[in-house]
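A short worksheet on the structure shown next.
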Amino acid sequence: MTEHESAKPGCKEKAAKLFSIARSGAKLDLAAIREKLSKATGPTYWRSLEELAEEPGFDEVMHREFPRLASEWPEGCSRRDFLRLAGASLALAGLAGCTKQPLEPIVPYVVQPERIVLGRPLYFATAFPVSGIARPIIVKSMEGRPIKVEGNPQHGASLGAADAHSQASVLGLYDPDRSQTISYNGSVRPWEMLQATIRAALAQQQASGGAGLRFLTETVTSPTLASQIAAVLKQFPNAKWHQYEPVNRDNVKTGAQIAFGQVVDTIYHLDKADVILSLEADFFSPAGLPGFARYARDFTSRRKMQPGVAMNRLYVVETAPSLTGAKADHRLPEISRTSIAHFIAAQLGVSWERASDGSVARASDFLQASEQPTFWPAVLEDLKQHRGASLVAVGDQQDAEVHALAHAINQALGNVGQTVTYVDPVEANPVDQTASLKDLVTDIDAGKVQVLAIIGGNPAYNAPVDIGFADKLSKAGLTIHLGMYDDETSALCQWHVPEAHPLETWSDARAYDGTISIIQPLIAPLFHGRSAHEFMAAFSQQPEQSSYDIVRGYWRSQFKGKPEDFETTWRKWLHDGFVADSGSKPRAVTVHPLKLPKPERGGHGTEIVFRPDPSVYDGRWANNGWLQELPKPLTKLTWDNAVLVSPGLAQDLRLATGNVVEIESRGHKLRGPVLVAPGHAVNSITLGMGYGRTRGGSNGSKRGYDAFQVRTSDAPWSASGVKITRVGKDYQLARTQNHQIIANETAIGETIKRAPVREATLAEFIANPRFAQEMKEEPARDETLYPPYEYKEYKWGMSIDLNSCVGCNACLVACQAENNIPVVGKDQVRRERHMNWIRLDAYNEGDLANPRTIFQPVPCMQCENAPCELVCPVGATVHSSEGLNDMVYNRCVGTRYCSNNCPYKVRRFNFLLFSDWDTPSLKLLHNPDVTVRSRGVMEKCTYCIQRITRARIDSEKEQRKIRDQEVQTACQQACPAEAIVFGDLNDKNSKVARLQAGPRNYGLLAELNTRPRTTYLAAVRNPNPELEKKG
Amino acid sequence: MKRAPVFGLLAEFDSPTDLLLAARKAYAEGYRRLDAYSPFPIEEVSEAIGHHHSRVPLVVLVGGLLGGIGGFLMQYWISAVNYPINVGGRPLNSWPAFIVVTFEMTILGAALFAVFGMLALNRLPMPYHPVFNVERFAFASKDRFFLCILAADPRFDRTLTEQFLQSLGPKQVSEVPH
Amino acid sequence: MAEDPTVEVPRTGKAPVLAPGHTFATVTDKISAIVLSRRTTLGWVMGFGVGLLLTMVLLGAVSYLLVKGVGIWGINMPIAWGFAIVNFVWWIGIGHAGTLISAILLLLNQPWRNSINRFAEAMTLFAVMCAGMFPLLHLGRPWLAYWLFPYPNTMQVWPQFRSPLVWDVFAVSTYFTVSLLFWFVGLIPDLGTLRDRAHTRFARGAYGFLAMGWRGSARHWKNYESAYLLLAGLATPLVVSVHTVVSFDFAISVVPGWHTTIFPPYFVAGAIYSGFAMVLVIAIPIRKFYSLGDMITMRHLENSAKIMLVTGLIVAYGYLVEGFMAWYRSDEFDFFMLKNRMLGPYAPLYWLLIFCNIVAPQVLWSRRVRQSVGALFTVSIIVLIGMWLERFIIVVTSLHRDYLTSSWGMYYPTKWDWFTYVGTIGFFVMAMYLFVRFLPMISIFEMRTLLPEAEVEAEAK
């Protein structure tokens, strides 16, 4: 019984039992189904339960059996598990074949698909849309299984970088918790039945012109989807299209409205900016500004300390510590409603008036730097001195008026067209989403809504609490939810339709700069999900259209050139992964006299701010183990969210990390654990979104607290006057870097002495470029009794630039995907057994109230005198002829001595059986080039030896040496800042050799004479002398 | 050579001194194939019956040398000849690191040779031995001391030897049957 | 604990090694009677029962370990070694006293050793067995432990002889083998005695088989003596080497707090220290319950106490030098390690260790304490705890805060750690009970030599 082999133990017997009961109990039995499957060919081969549900009696089998057995379910084997098991196994009956190519012709990035060579990957360019914004990616596919996401080097929004989210999407694709059947009030239904229901409903709507018809989507940039919706709205003029998602850009749009009277998108050009002031603009974090990857690349291009490239300077004013704040030369923690923008604007002669009271220019109030006597004027001076080469960037969470002022400031500084440009909005239909959702709810309340189609998103979970969307939802007549998971929203809708994963379907989307990417499927829908296009089609004239026909049809209609050229152009688009120069058109806009809205009278006292979680974002990836276990860059927290509190406030309220507090804001309450965050603005606390899910899957449910419980529509990003009271007993947070080094004085002291990270100011660097090497004494190479080994052919090495690393975690996920690194779960993380091969160490320096943070990615140093090798009793870790510190898994007996003797503690041990050997769908995810480690063996960074080997084979076939940059480690490839460079040290012209010859190069703990092959480039700050003086 | 009807004659004494004197007399009398039994080692007695040097030390030396040299060669062969590989940048023949095992092997070899050599030289284990046929011999492992003249001795004569033994003033003399 | 009447402790001068009034016969009978004729007392059954019970706990813990993996213990990154190694070093250390007493004191011609060497050696064997379990069990994949031995195989892969762990394998297995041989050789004559004394056919058969036909022939004694002496000579450097090698497990590494040259001598001293403590912990009850006060006299207890005092001081010196070196080398890592031991999260344990190993044993300077059985027993227990703590401090505090502050961590043992540890103690107790029940716990033939009548009279010379 194949499906049972794939079952997870515990469920196994149950499943077997059920199947057998089904066999005995029903007219139709599973044997018959399997028979049906085995006979089936082509598309039906991939159908899952609902397809079979057409069989009379199947439903009966499924459903009659459950109640009777309900009592017998074992721990951890819920009804959903069974459905999942049955669904997955039936689906996988075919998956095993490993030829899950979609039916339509898709175009490979490098190699022709008909030339599939087993063991050789194919690469396809596509995009991963997040909040509608396309993140350009190239997906590595092995025998038809997408196993790794990489960046698209040719796409301006990526330049080869891939962020943590899109890389983790492959895990999301194979997630066994994804919903797998169309269901009506919880019972399995065929697609045709839903179509019929929709047709009937539309027929009723015909008369009223669709007055009762509503569509609720997330942010839409897809031209195809937009046109589909438009078509339906044309047919039903009175129907309405609403958009909502919690992490929206309403303030940006309103800000643009105030400044320009129209909605435009703002694009920054950080490579052109000498002086940057960021007001909560987190342009390095994947959860920050769209275009973060490009911004990181542009910013760090000015920090490589290359001759001729002047170093830029970054000021950050922010509430919660962020990646951008960590890179700042000067950082000012302030409550979110800072007035520095007003001050600078006023100083630059910008005037404004309040919409409320006609009173003129309050600018005058800001002529004195009332709040920050030193900081504000210094920044102002600096900006002034760099007119045209300065930039004021504002984060999405800042009030609209700050955006407006920033536009005015940038214009006053002559930055427009230089460091900042304005373009047509990327969104197909930019609306104020909070308002849009409010309207919808009002209509539902008024009973105006008979048909509500929720396309993606999870509003029942993440809508503002005061709107009460979840409660009202039942009032809408027919409710249909299209979603990847059977989540909070689908629970409240009558119909649930499993949504296809972006890697499973055809679609299109725009990148942050408007560039269009055609999204092509890497694999046919695993759990037979429907794409938004197919779903919308059900409301159109041709309900059976496939995504492929829809998307391709749309673009054919848009195609300007000769029809016969379309095919070639289309292929090129797919091949490149984007439509050449399809970026948004620049708009020439000038700032109107500013009419600022009435200031929100929030009252005073402690302020609460909401931020999307750096890992699980707004909760959409709550079930993604990789992201859950990904240490949040600054707090190193995993598997939970916490209430970030500044050390100052913590002291006042006598709070410590782990204490549980009750937070009351505007009459709404929640309870969550405190985490003391150095550098947090004193009088405010930060809540992270995306946790406290009730139906978030086996990984996502019941973790942390639900910040949306206190998030109201009038104060979506920050609210004043919040009450904090300590309650209950402490909560265990799982953090990968023990708080010692983040908050403990001894540790900070030791860190400074040991200088793992080395840093100087620009002035110091110019005075003495080799400062880093002089901080510690490295023993000379010839100081040895032993004859040194020679590495004749290749001599692999790595260089990591601390000045470039922005701490975005991309490398961690890249490594995890490339090397089949298991997820260990919260409890094991708490026991300090997390498995990431790269540790992203974050070191704080200076005052806890506002420390400087330096990130240091620590992979294996591949020491030439490896201490770990010396002590291994069985020679399970030895040196290769190319100087790699090889780890021989199947020779390892697990003494763990190597780890004890590793000064860098980069080795990871399988204390238990961490790898998932059971879940069938996850087996497809594994990289076939890398061993899946079992219990009791040590593992560690290998410099992606499988990639080196592949390159060696290719080069030997062509009888040449491996070219520089022909081998890129997974971490290097993903890095948006090009901080990691890997290559052959024997080749003196290789990038890495040149970097290691450079002045900033130093070896971590090299004083121990370990001779690390991985070395670091010291960081250099560029502080404003003015502020340095005043300290 | 025809086998003597008896194994020998056994004289019993109750102090180590008596045994020693008796043994000396017997040896002086010209008896060579004789043995003494005592519940604890008595240096002088074995001397007295002409057992002067033990060959055990030689055996032990051989064992030690075998163990030591073998031990080092094994490590050298394994690390430098049979499976040479770069371990932590150390030379293939890291002889200082090999000393410990060499030492342990020396001890092990010596100890094994010492014990089994001793047993071999003593012809042990020996499941059967005639002296046990004598009832009283059980006291040889408690508080009695015995002198035994073997029938195999050329000067052995059933009656004369018995008279001789009686003359040594033993508690009693008994015949040791095969 | 009340004094045994048969032992008179003179106000002045040393207590005798063997109380007067004994003859070959009495010595023989008294010791062999314990094995042969004495009825199995309820006390023995209960004591054995406790040992057996704890051994079952051990088996349970081990089974679960094999099913789940070492993850059931408290170890983690960075503290990849925990209780397993702590207990291993502790047990091995305890073993050392046995060999020391039987071998070194024999060479030093200390006749008083004769009455305690037998069970001291037994103790060594059982302790080494307990110790040996841990390196096996602490492996991630215990079933592959045999890969540490050099055996020819098709893959042509061999152990890596630069690793102290391989040295350990050789040292410990050699140590066990030699101790076993030494102990058994010592037993042969007594097995002969038991054979001749045994009442039941089975006992006679069993002991006879083991005695291998030993008949106390003068020629045999000659070879026997020289072999025994040579074994002692071999065991002496061996016992020193074993704990030296164990200390290499740490000293060879780069971990601050491990990488020290003082380790070998101070480990050996520590081993003997804890070993003698264990000897007293065993000897005191035995001489009480089997009323052997006349054979294990105050002299033995006092001498053991003196040795403890000496080795204890050497250990104290070890701590001192460690501290001095950390300061003198002015190596920031070493210095911090020391600071962290004294003031860090594990400081209480460190100071408890100082008390147990250095402060408390100083009472042994007083003769009155050395002659109070109760006091000796207490001090010994304290020392045993102290030596266990020492190994804990060495293993854990060195690892938990080493080079990179980013990878600092904490170690907390789980219940499984405790079960395994307590389990081995149970096994040890059980084994000791079996030993005293079935084998002569005091070397009979060597006791005989202690009697005056064993001397050959002068005129015979």
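Residue numbers (the numbering used here), protein chains in the order written: chain A, 1 to 1031; chain B, 1 to 178; chain C, 1 to 461. Cβ coordinates follow ideal geometry from the N, Cα and C atoms, glycine included.
Residue 314 of chain C has its alpha-carbon roughly 15 Å from the corresponding atom of residue 355 of chain C. The C-alpha of residue 806 of chain A is placed about 14 Å away from the C-alpha of residue 757 of chain A.
In the three-state DSSP reduction, residue 756 of chain A falls in the coil class, being neither helix nor strand.
Per DSSP, the unbroken alpha helix (DSSP H) holding residue 430 of chain C starts and ends at 415-438.
For the 8 Å CB-CB criterion, residue 224 of chain A and residue 551 of chain A form a contact.
Straight through space, the alpha carbons of residue 162 of chain C and residue 89 of chain B are spaced by roughly 12 Å. The DSSP assignment places 459-462, 469-473, 488-492 as complete runs of the alpha helix (DSSP H) inside the region 458-520 of chain A, in order along the chain (cut-off: 4 residues). Neighbours of residue 7 of chain B in chain C, taken as residues whose beta carbon is under 8 Å from its own, are absent, since the nearest beta carbon is some 13 Å off.
For residue 72 of chain B, there are no neighbours in chain C by C-beta distance under 9 Å, as the nearest C-beta there is about 10 Å away.
Looking at the DSSP output, residue 718 of chain A bridges to A:609. Within chain A, the residues 789, 878, 879 have their CB atoms less than 7 Å from the CB of residue 86 of chain B, given in chain order. For the region 160-178 of chain B, the set of residues with a beta-carbon nearer than 8 Å to any beta-carbon of chain C is empty. By the Cβ-count criterion, residue 835 of chain A is buried, with 16 or more other Cβ atoms from all chains shown falling within 10 Å of its own Cβ. Residue 32 of chain C counts as buried, since at least 16 other C-beta atoms from the protein chains shown sit within 10 angstroms of its C-beta.
Taking the Cα positions, residue 607 of chain A is about 51 Å away from residue 192 of chain A.
For the region 114-144 of chain B, the set of positions with a beta-carbon nearer than 8 Å to some beta-carbon of chain C reads 114, 115, 117, 118, 119, 121, 122, 124, 125, 126, 127, 128, 129, 131, 132, 137, 138, 139, 140, 141, 142, 143 in chain order.
The Cβ atoms of residue 350 of chain A and residue 332 of chain A do not sit closer than 8 Å to each other. Relative to the Cα of residue 785 of chain A, the nearest Cα in the group B:151, B:166, B:102, B:95 belongs to B:95. At a Cβ-Cβ threshold of 8 Å, residue 863 of chain A and residue 941 of chain A do not count as neighbours. The Cβ of residue 44 of chain B sits closer than 8 Å to at least one Cβ of chain C.
Residue 265 of chain A is bridged by DSSP to A:423. Apart from the 5 residues on each side of it in sequence, residue 462 of chain A sits with its Cβ closer than 8 Å to the Cβ of 245, 246, 618, 619, 689, 708 in its chain, given in chain order.
Chain-order list of chain A residues neighbouring residue 78 of chain C: 905, by C-beta distance under 7 Å. Residues of chain A whose Cβ lies closer than 7 Å to the Cβ of residue 91 of chain B are, in chain order, 786, 787. Apart from the 5 residues on each side of it in sequence, residue 179 of chain A sits with its Cβ closer than 6 Å to the Cβ of 485, 486, 498 in its chain, given in chain order. Boundaries of the beta strand (DSSP E) harbouring residue 124 of chain A: 122-130, taken from the DSSP string. The shortest CA-to-CA distance from residue 430 of chain A to any of A:243, A:516, A:294, A:301 is the one to A:243.
When the Cα atoms are used, residue 85 of chain C and residue 669 of chain A turn out to be separated by approximately 50 Å. For residue 314 of chain C, the enclosing alpha helix (DSSP H) begins and ends at 298-328.
Judged by DSSP secondary structure, residue 441 of chain C falls outside any alpha helix (DSSP H); it is assigned neither H nor E. Judged by DSSP in its simplified three-state form, residue 96 of chain C adopts helix.
Of all alpha-carbon atoms in A:383, A:793, A:287, A:933, the one lying nearest the alpha-carbon of residue 956 of chain A is that of A:793.
In the DSSP secondary-structure assignment, residue 201 of chain C is not bridged to any residue. Between the region 637-654 of chain A and the region 183-202 of chain A, the count of C-beta pairs closer than 8 Å stays below three; the two stretches do not touch.
Going by C-alpha positions, residue 895 of chain A is about 43 Å away from residue 671 of chain A. Residue 1003 of chain A is outside the set of residues whose beta carbon lies under 8 Å from a beta carbon in chain B.
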